[in-house]
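Chains as they are written, first to last, in this note's numbering: chain A, 1 to 112; chain B, 1 to 112.
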Amino acid sequence: GESVGLHLPTLSVQEGDNSIINCAYSNSASDYFIWYKQESGKGPQFIIDIRSNMDKRQGQRVTVLLNKTVKHLSLQIAATQPGDSAVYFCAENAGNNRKLIWGLGTSLAVNP
Amino acid sequence: DAMVIQNPRYQVTQFGKPVTLSCSQTLNHNVMYWYQQKSSQAPKLLFHYYDKDFNNEADTPDNFQSRRPNTSFCFLDIRSPGLGDAAMYLCATSRGLLDGYTFGSGTRLTVV
């Protein structure tokens, strides 16, 4: 399954499938990007980050891809599990004040 | 093992009655942030401290204040809570402004 950024805030996938969550960022000067996972009733949890001098970074079952040309960021989750069900936020760090700018979030639902 | 601890997890306060939320960290991070998060929305930054330097967001109401008496603790004071202030309040820390954030579990504030 695939989510197209802000226009598709809910993504439903089957357990075991790969998930792709997309994010369009706003500031071409952004040089640091982070994906957070937020489960219901909990604070956001860091998943993976990437700096602008890279276009791909892999973690355990997760991969982040960065396309600076089109200002696009994606999070790929391999072999999605029920425990991956959460809201996923992308965030960019930019500007002189280095604040995080948050995307709207995508809700991932994993069907058993 | 908790590194950013927020107390209490749930807080009920009366309309107009001052309330204080607390955050402590064991990471020795320089920066501490307070975010407000309403249902199905991204966290909204209220303010942050870089060491002892306080940085308020331009759109944070005067009703919200913060104190950081030492590196480990940071407080959010809501002077006169209104019904619209009911939300999840998240504390986060980072080593510097260019680093990833560690979030606490949040305090869910209810105003009655």
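A virtual CB, placed ideally from N, CA and C, is assigned to each residue, including glycine. Every value quoted in this text rests on a predicted model; they were computed, and no experiment measured them.
Item to complete: Report yes or no: is there a C-beta of chain B within less than 8 Å of the C-beta of K99 of chain A?
Response: Yes, because at least one Cβ of chain B sits closer than 8 Å to the Cβ of K99 of chain A.
Identify the continuous beta strand (DSSP E) that holds Y25 of chain A and give its terminal residues.
That residue, Y25 of chain A, is in no beta strand (DSSP E); it is neither H nor E in DSSP.
Report task. Look at the alpha carbon of P18 of chain B and the alpha carbon of Y49 of chain B, and state the distance between them as a whole number of angstroms. Result -> So the two alpha carbons sit approximately 22 Å from each other.
**Prompt:** For D85 of chain B, does the three-state DSSP call read helix, strand or coil?
**Reply:** In this structure, D85 of chain B counts as helix in the three-state DSSP scheme.
Q. S105 of chain B touches chain A at which residues, Cβ-Cβ below 9 Å?
A. Neighbours of S105 of chain B on chain A, chain order: G41, K42 and G43.
With DSSP as the reference, identify every bridge partner of E92 of chain A, one or two as the case may be. E92 of chain A pairs with A:F33 and A:I101.
Open item on the list: Pop quiz: Q14 of chain B and V112 of chain B are said to be a contact at Cβ under 8 Å. What is the actual Cβ separation, rounded to whole angstroms?
Closed with: About 6 Å; that satisfies the 8 Å criterion.
* To do: For A58 of chain B, return the contacting residues in chain A, with the cut-off set at a CB-CB distance below 9 Å.
  => The contact set of A58 of chain B on chain A, defined by CB atoms closer than 9 Å, is empty, because the minimum CB distance reaches about 11 Å.
Notebook entry, point to check: So with Cβ pairs under 8 Å, would you call A42 of chain B a contact of chain A?
Noted result: So yes, A42 of chain B belongs to the interface.
### Query
How many Å lie between V13 of chain A and L108 of chain A at the Cα?
Cα to Cα, V13 of chain A sits roughly 8 Å from L108 of chain A.
**Asked** With respect to the beta strand (DSSP E) encompassing L73 of chain A, which residues constitute its N-terminal and C-terminal limits?
**Response** Where L73 of chain A is concerned, the enclosing beta strand (DSSP E) stretches over H72 to I77.
**Item:** Contacting residues, own chain, Cβ-Cβ under 7 Å from S28 of chain A (five flanking each side not counted)
**Value:** For S28 of chain A, where only same-chain residues beyond five positions count, the Cβ hits under 7 Å are K71.
Practice item. Tell me where the beta strand (DSSP E) around Q41 of chain B begins and ends. Key: Neither: Q41 of chain B is in no beta strand (DSSP E) and is coded neither H nor E.
- Using a cut-off of 8 Å between C-beta atoms, extract the partners of L21 of chain B located in chain A. By Cβ distance, chain A contributes nothing, its closest Cβ being about 13 Å from L21 of chain B, past 8 Å.
- Determine the burial state of K37 of chain A: buried for a count of at least 16 other Cβ atoms within 10 Å of its Cβ, exposed for fewer. With 16 or more Cβ atoms within 10 Å of its Cβ, K37 of chain A is classed as buried.
With DSSP collapsed to three states, give me the class of D84 of chain A.
Reduced to three states, the DSSP call for D84 of chain A is helix.
Thinking just about the alpha-carbon of each residue, which of A:K68, A:D17 and A:E39 is nearest to the one in R61 of chain A?
Of A:K68, A:D17 and A:E39, the smallest CA-CA separation from R61 of chain A is found for A:D17.
Between the Cα of C47 of chain A and the Cα atoms of A:E15, A:V110, A:L75 and A:G105, which residue gives the shortest distance?
Per the sequence shown, the amino acid found at residue 47 of chain A is Ile instead of Cys. Comparing Cα-Cα distances from I47 of chain A to each of A:E15, A:V110, A:L75 and A:G105, the minimum goes to A:L75.
(request) Sort A:L66, A:S52, A:R57 and A:P9 by Cα distance to A42 of chain B and report the nearest one. (result) If we check each option's Cα against that of A42 of chain B, A:P9 comes out closest.
Exercise for review: Kindly give me the distance between the Cβ atoms of F21 of chain B and Q6 of chain B, rounded to whole angstroms, as I take these residues to be in contact under 8 Å.
Suggested key: The identity of residue 21 of chain B in the sequence shown is Leu, whereas the question assumes Phe. Separation of the CB atoms of L21 of chain B and Q6 of chain B is rounded to 7 Å, and the pair is thereby assigned contact status at 8 Å.
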